[in-house]
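Notes follow once the structure below has been shown.
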Amino acid sequence: MYKERSGGGGGGSSRSEILGGAIDRKRINDALNKKLEKSSTSTTTSRVFSSKDKDPFSFTSTKTQLPDVESETDSEGSDVSGSEGDDTSWISWFCNLRGNDFFCEVDEDYIQDDFNLCGLSGEMFTDEQHEMVESAAEMLYGLIHVRYILTTKGMAAMTEKYKNCDFGRCPRVFCCGQSCLPVGQSDIPRSSTVKIYCPKCEDISYPRSKFQDIDGAYFGTTFPHLFLMTYGNLKPQKPTQSYVPKIFGFKVHKP
């Protein structure tokens, strides 16, 4: 988490209402600023969002070293040294966080198209939830992400993760470690956590523990099925075996 020393400028505008229609980009930037704030007594790291930038999810990292305390015998004043950090994409930083392996990096051009963000203003957060801005940036990105992975570029990015088994494997024995796809049980945020869908047995199961806190709405109910329809060559054959319960070698009668 990155925190920024509080200053004047975020008072009135941060409480303004989000208008319908096109996304209020200043409101988004304010929320993302608070998401990435961090202060330290020895080093101050600021994530500066510019409303003129094309990508509201990019920031510049600037580190300034505080002056060293000089001893009484020193004749000259203390020196102040600073170093300029490299520009880092917030999206890359977020997707590389531990437990966020399921997410792909949304293309900047996709985010800049207001049409792709239509309707998100009412779903993001309200003034009553403004104290929860810690998760506002994640929620906004998740709502954009679920739309992006249904596009051609988004599916291409998820294909690599699927082939590398980044989403996990089916725990069912007769699926033989089949690679799975992320799926949500609801399209409504905060309804349920993400699950993994096995294209072989067509059932869902829980992912590894580090992924179990991810909101299922960030992947939606549509993605795995549309993905397998689009990439039919990646859909495996259904399993030919199934477990047969036996007692002393005899099959258990099913009523």
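Going by the numbering used here, the first residue of the sequence shown is number 159, and it counts up by one from there.
Yeah, the Cβ is synthetic: ideal placement off N, Cα and C, and Gly gets one too.
Which residues in the same chain have their Cβ closer than 6 Å to the Cβ of Phe381, if we skip the five residues on either side of it in sequence? Ile307
Looking at C-alpha atoms only, which residue of Lys321, Ser247, Ile372 is the closest neighbour of Lys393? Lys321
Starting from the N-terminal side, write out each stretch of the beta strand (DSSP E) that is 3 residues or longer and does not extend beyond the segment 353–410. 353–355
Can you tell me whether DSSP reads Thr309 as helix, strand or coil? coil
Alpha carbons only, please: which of Phe260, Thr388, Glu266 is nearest the one belonging to Phe369? Phe260
Contact belief for Ser350 with Pro329 at Cβ below 8 Å, rounded distance in angstroms: Not really, about 19 Å apart at Cβ, beyond 8 Å.
The segment 371–389 in contact with the segment 337–353 per 3-pair CB rule at 8 Å: yes
Who does Leu339 pair with in a DSSP beta bridge? Tyr355
What is the DSSP secondary structure of Asp245, counted as helix, strand or coil? strand
For Pro357 and Gly386, believed in contact at Cβ under 8 Å, the rounded distance: Looking at the sequence shown, residue 386 is not Gly but Leu. Yes, they are in contact, since the Cβ atoms of Leu386 and Pro357 sit about 6 Å apart, within 8 Å.
Whole angstroms is fine: what's the gap from Gly326's alpha carbon to Asn391's? 19 Å
Once the 5 residues before and after Gln343 are set aside, which same chain residues still bring their CB inside 6 Å of it? Ser350, Gly374
Do you know offhand how far Ser400's Cα is from Glu360's? 13 Å
With the cut-off set at 8 Å, would you say Val264 and His303 are in Cβ contact? yes
What is the rounded straight-line gap between the Cα of Val331 and the Cα of Val410? 20 Å
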